[in-house]
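Residue numbers are given in this note's numbering: position 106 of the sequence shown equals residue 106, and the series is strictly consecutive.
All C-beta atoms, glycine included, are put in the ideal place defined by N, C-alpha and C.
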Amino acid sequence: MDWPVAGEDAALDAVALHASEDPNSASESQIAEIVPTGARAILGLVEDRGFSPEELCRGLGFTYRDLSMRDVRLSYRQMRQLFMRAERLLGEPALGLALGARQTPISWGVPGLAMLTCETYGDALTYGLTHQQAIGSMLIHTVEEVGREVRMEVRFKRFDIQLESVLVEDAFAGFVAVSRYVVGPSFAPLRVDFSLPKPSDPEVYRRFFQCPVRFDAGVNRLTIDSHWLSARLPGFDRVNSRIVREQLDSLLPTRGGRNEIVESLSSHLRCDIEATTRQSELASLINVSERTLRRRLSRQDSSYREIRDEARYERARDLLLNSELSIAEIAEAVGYSDARAFRRAFKRWAGCLPTEFRESR
């Protein structure tokens, strides 16, 4: 079987690992490009343990409620701080294992649901590897077949010794949990190798993986028997599965990453675009002061008005192309009480009037 090299874009395979880099200091770590699958899992676990997920998010530039938005993205810095806070709060010795064990195809979003439309486990695995970035992986997964074995290894896009154990544990435990959901509870690897030091209770890992687990192995590798690749998924329907997968494929994220503060602001504005939310109110919603918001936007050569107009333009285009609403109704839907003001603004954004834009399409 031909395996994808490293997710949606094979170029990920060439990402450099910066062993000496401070993950909080690199500007790349503040680009909001991560689908927050891990953040949702963390906050779900925190809530189940009786703690406040809202409090854990305070000051990070997003709220617990934000994570229910379809298009929200977080930066590496935000994810890192959330993981570190959760580790301190929960004191969970195998936090990554606990997070991964909670996962289902639904946890993996659109790609996870699309995996259920595949004919075999091997097809589903290939699909997941191809779309691992859309799943929200913070690691690079690679797979190779060696004889009767299929070996999955994970490595870091950005080396971070403090997150190594939680990310690797989460990756392997999540893979096994989803695999058991897809092909049944009897699924188990042949063996799991961690480069991590031996924990105080290694037996908890063996109980979950149901196979030998080795620590201090010099590699992070999970090995399964290749016979699993031909296992058929229950409910496969050749015609309907193809149609459903095509529909799901159309929902896969395509936007590139942006600065975390810009992404947070955009998410709120897209969600409530018809309201005239003031900058001070938005600052409060994303857990920063208005002064901090202005300063961070200035560093990105951006402003509240630019981001608001971008959100309005995006929504207006969608309504013009995909609805029968009048221009006045669209104006109101994107926050304009005066249709004339909306027409002037749209011409500034698109270079043509709303009616011209609609007719040209």
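DSSP beta-bridge partners for residue i?
i: arginine 232; result: Thr120
Can you look up residue i in the DSSP assignment and give me helix, strand or coil?
i: leucine 45; result: helix
i: alanine 403; result: Coverage of the chain is limited to positions 1 through 361, which leaves residue 403 absent and any answer about it impossible.
i: isoleucine 243; result: helix
i: isoleucine 307; result: helix
i: aspartate 193; result: strand
i: phenylalanine 209; result: helix
i: glutamate 92; result: coil
i: valine 110; result: helix
i: arginine 214; result: strand
i: valine 168; result: helix
i: leucine 60; result: coil
i: leucine 74; result: strand
i: arginine 102; result: coil
i: aspartate 201; result: coil
i: methionine 69; result: coil
i: glycine 335; result: coil
i: isoleucine 135; result: helix
i: phenylalanine 346; result: helix
i: aspartate 366; result: As shown, the chain starts at 1 and ends at 361. That puts residue 366 outside it, with no answer to give.
i: proline 185; result: coil
Verify whether the separation of the beta carbon atoms of residue i and residue j is less than 8 Å.
i: glycine 122; j: serine 230; result: yes
i: phenylalanine 390; j: leucine 222; result: It is not possible to answer for residue 390, since the shown part of the chain is limited to 1 through 361.
i: proline 202; j: phenylalanine 187; result: no
i: valine 150; j: histidine 141; result: no
i: leucine 320; j: isoleucine 330; result: yes
i: leucine 60; j: leucine 43; result: no
i: leucine 196; j: phenylalanine 83; result: no
i: threonine 117; j: arginine 245; result: yes
i: phenylalanine 397; j: proline 185; result: Coverage of the chain is limited to positions 1 through 361, which leaves residue 397 absent and any answer about it impossible.
i: tryptophan 349; j: aspartate 309; result: yes
i: alanine 311; j: serine 266; result: yes
i: valine 178; j: tryptophan 228; result: no
i: leucine 67; j: isoleucine 34; result: no
i: valine 334; j: arginine 315; result: yes
i: valine 239; j: valine 213; result: no
i: glycine 38; j: methionine 79; result: yes
i: leucine 399; j: leucine 113; result: Here the chain covers residues 1 to 361 and nothing more, so residue 399 does not appear.
i: glutamate 144; j: serine 226; result: no
I'd like the span of the beta strand (DSSP E) that includes residue i, first residue to last.
i: threonine 223; result: 221 to 225
i: valine 143; result: 139 to 146
i: arginine 155; result: 149 to 156
Using a Cβ-based criterion (distance less than 7 Å to any ligand heavy atom), does residue i qualify as near the ligand ZN?
i: glutamine 247; result: Ligands in the displayed structure: none, and consequently the ligand ZN is not present.
Quick check on the DSSP output: the alpha helix (DSSP H) that includes residue i runs from which residue to which?
i: glutamate 324; result: Looking at the DSSP string, glutamate 324 is not in any alpha helix (DSSP H), and its letter there is neither H nor E.
i: arginine 296; result: 290 to 299
i: isoleucine 161; result: Here isoleucine 161 belongs to no alpha helix (DSSP H), and DSSP marks it neither H nor E.
Three or more C-beta pairs under 8 Å: does that hold for the segment 101 to 112 against the segment 133 to 143? yes
Segment contact, 8 Å Cβ cut-off, at least three pairs: the segment 333 to 349 with the segment 284 to 303: no
For the segment 87 to 104 against the segment 170 to 189, do three or more pairs of beta-carbon atoms, one drawn from each stretch, fall closer than 8 Å, so that the two count as touching? yes
Touching or not, the segment 80 to 91 and the segment 39 to 50, by the rule of three or more beta carbon pairs under 8 Å? yes
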